[in-house]
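One structure is given here, and the rest of the page talks about it.
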Amino acid sequence: MNFTDLLVVNGSQEGRVEANTVVPSLPLHFPILIVAGILITSFLHLHSRNRPSTPQSRFWNSIPISGVRNEYFSWARATLRSVFSSKAMVDAGYSSYSSKNTLFATPSIDRGAFVVVPPNQLKPIYNLPESEVDVHWSQSETIQAKYTVANPEVFQNGFHVNVIRNQLTRNLDYLTKGIAEELELGFARHWGNTKEWTSVLAWPSCLRIVAESVNRVFVGAPQCRDAAFLEGMKWHAEWVFSNATLINSLPAFLRPIVGFFVRLYGHRVRRKCITPMLPLIQTRLSEFLSQKDSPDPNWEPAKDGLQWLIEESWKTGEGKYLDPWRIGHRLLILNFVSMHTTSFTVTNTLLDLFSTSPSIGTASDLREECFRVFREHNGLLTKEAVSKLHLLDSTIRESMRHSSFSILALPRRVVAPEGITLKNGTHIPYGIPLATPMDAIHFDPAFYTDPSNFHPFRFCTPAQVAGTRTASHYANSHLDPTVPSPKSTVTLDDKFLAFGFGRNACPGRFFALHEMKLMLAYILMNFEIEYMERRPEQFKIMWVQLPKETTGLRVRRREDGGVWQKFE
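Here the sequence shown is numbered in the numbering used here, starting from 2 and rising by one per residue.
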């Protein structure tokens with residue numbers, strides 16, 4: 002995680018930080034990060050001049066570097082510049098080298114140097130077996146799991162990922178009603194019911210609504226609305242991201258020292274986060290174990306993430322995994338994985354959509370699609386109904402392309418002792434870190450027509466957009482000829498990397514897309530949003546791009562009162 006795909010730690014997807022907390026947490030750490038950056042860059046600069054000849058040093062010296070100028074302490078200064086200039090550095094390298102199918106290196110303050118893989122090499126490299134190119138070490142290092150997660154029983158045995166990969170996906174029909182109900186309650190709380198224009202903070206409000214609806218799936222009601230519980234999830238995500246960034250910015254010899262204190266303080270963080278969950282976990286666990294001892298044919302277990310975690314823990318056959326605290330820790334990680342992706346994408350989709358010209362009519366086209374599918378299926382309460390929202394699906398995918406979360410994505414590390422050799426003869430030695438230029442690929446005109454502009458129906462068929470206002474406005478120019486067939490947001494390829502690529506792609510993307518479509522459908526059917534003159538800029542720092550926390554939306558309830566499912 003890089004954070005664009007879910008972090009993979011020993012086969013588990015552990016990752017994305019919770020959206021609302023990333024931006025405000027970083028400024029508090031800037032002085033520390035700058036000092037750490039000076040230490041690490043000075044160390045690397047001196048070391049690079051005196052290190053003996055090794056396959057790794059010969060390789061680094063053989064490839065071009067983007068972002069380093071001809072100046073004193075060039076590498077150190079480039080590394081410091083990467084805090085706010087990573088995009089410019091990667092884009093320059095992509096233009097100069099990736100287009101020629103050439104590897105290049107670029108510095109980063111929190112992860113050292115990376116070799117950037119050109120798009121033509123993605124498939125051969127990212128489909129190599131994990132005995133040759135490893136994802137687990139890279140992703141574990143990204144969040145510094147040994148210090149921020151701490152408990153090796155949790156991050157080394159990631160069976161909790163089965164809940165996302167299997168149970169959540171298989172039970173979408175059952176889970177949809179609870180999500181839909183929580184969305185209605187959440188929007189009433191955070192966006193209000195007034196038909197007068199009111200201002201809301203886009204990212205923070207979306208995050209809170211996502212947190213409540215996701216936890217309706219994980220722990221059920223009313224726990225999903227508990228303020229202390231939700232605040233714990235928020236604090237944990239902020240803490241993991243900021244402290245992992247700090248540790249990664251330090252020289253290797255300082256990391257265990259700082260990591261010791263991070264790990265020590267982490268016990269307090271997890272205690273605050275897990276304690277509100279313990280009564281529910283203990284009750285559920287007691288019921289489950291009693292049922293195993295004395296089966297009751299009338300007992301019906303809950304269908305939510307907590308229950309499935311208990312079942313997965315029991316399947317291991319090891320009693321230590323049935324400890325309530327460890328189950329709570331895994332729930333914490335599931336929240337860490339789930340909240341960020343959805344809230345970030347929904348926010349960006351709204352900002353992209355409502356900064357287009359209202360004369361195009363895209364929002365009206367999407368609203369009409371939602372109402373039509375709602376009427377045809379008597380609600381949006383099934384996987385089948387939600388899957389019919391083709392225009393909305395394309396809009397989400399286009400927003401994830403146009404407003405990428407990561408500049409550099411999908412970190413990997415060469416672990417084959419003999420290294421790997423590409424088809425063009427380039428040899429990459431053992432230990433070299435790799436990454437992909439996701440944002441640059443998403444804006445490459447060789448892969449997308451008119452990539453700089455947001456075309457919401459880019460991934461639709463002509464039949465899907467026939468008769469829409471948007472089709473009439475663009476005269477079909479919005480249909481991208483570089484996209485040969487309609488593509489859902491969950492469809493992976495080497496030109497769309499928002500959910501990862503290859504064997505370690507995000508397993509939770511089906512659930513995430515389902516919830517995002519429900520959330521956006523609710524907004525379109527129940528709210529009017531005031532159009533913006535221009536799309537608010539992203540906040541770019543290091544290798545991530547985020548909506549600014551202060552970015553607002555002007556919203557009001559629709560005059561007709563809107564439409565949604567009825568709940569008893």
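Just so you know, even glycine gets a beta-carbon here, dropped at the ideal spot from N, CA and C. Given the structure is predicted, the values throughout are model-derived calculations rather than measurements.
Within 7 Å, strictly: CB atoms of residue i and residue j
i    : j    : result
G362 : L335 : no
N454 : S400 : no
S139 : R510 : no
Q283 : P325 : yes
V270 : W315 : no
T246 : D366 : no
P438 : V117 : yes
L390 : V374 : yes
D440 : K124 : no
W565 : E72  : no
W198 : R555 : yes
T383 : P457 : no
P120 : Y98  : no
Assigned secondary structure, residue i (DSSP; H/G/I helix, E/B strand, else coil)
i    : result
A114 : strand
V201 : strand
A253 : coil
E550 : coil
A436 : strand
D561 : coil
G468 : coil
Q566 : coil
T343 : helix
S54  : coil
A410 : strand
G362 : coil
Cβ-based burial, residue i [other Cβ within 10 Å; buried from 16]
i    : result
L231 : buried
A253 : exposed
I126 : buried
T1   : The chain is shown from 2 up to 569; residue 1 falls before or after that span and cannot be answered.
K518 : buried
N233 : First, the amino acid is wrong: residue 233 is Gly here, not Asn. Looking at its Cβ environment, which holds 16 or more other Cβ atoms inside 10 Å, G233 is buried.
N249 : buried
R171 : exposed
Q145 : buried
L498 : buried
L409 : buried
D353 : buried
D111 : buried
A238 : buried
Of the listed residues the options, nearest to residue i (C-alpha basis)
i    : options                : result
H268 : L286, H330, K321, S295 : H330
G380 : T199, K178, K541       : K178
P359 : E534, L409, V387, S395 : E534
R1   : L176, S87, F345, S54   : An answer regarding residue 1 cannot be provided, because it is not within the stretch 2 to 569 covered by the chain.
L279 : W76, G193, I328        : I328
G563 : L173, R368, A364, L323 : R368
E313 : D297, H161, N299       : H161
S206 : R272, P548, F444       : P548
N167 : V545, F512, E529       : F512
DSSP bridge partner residues for residue i (one or two, in chain order)
i    : result
A106 : I66, V116
F497 : D494
F528 : R558
I334 : I334 pairs with nothing; no bridge assigned.
F540 : L547
V415 : V134
I429 : I421
Proximity test, residue i beta-carbon vs the ligand FMN heavy atom, cut-off 6 Å
i    : result
K567 : Because no ligand of any kind appears in the structure shown, any question about the ligand FMN cannot be addressed here.
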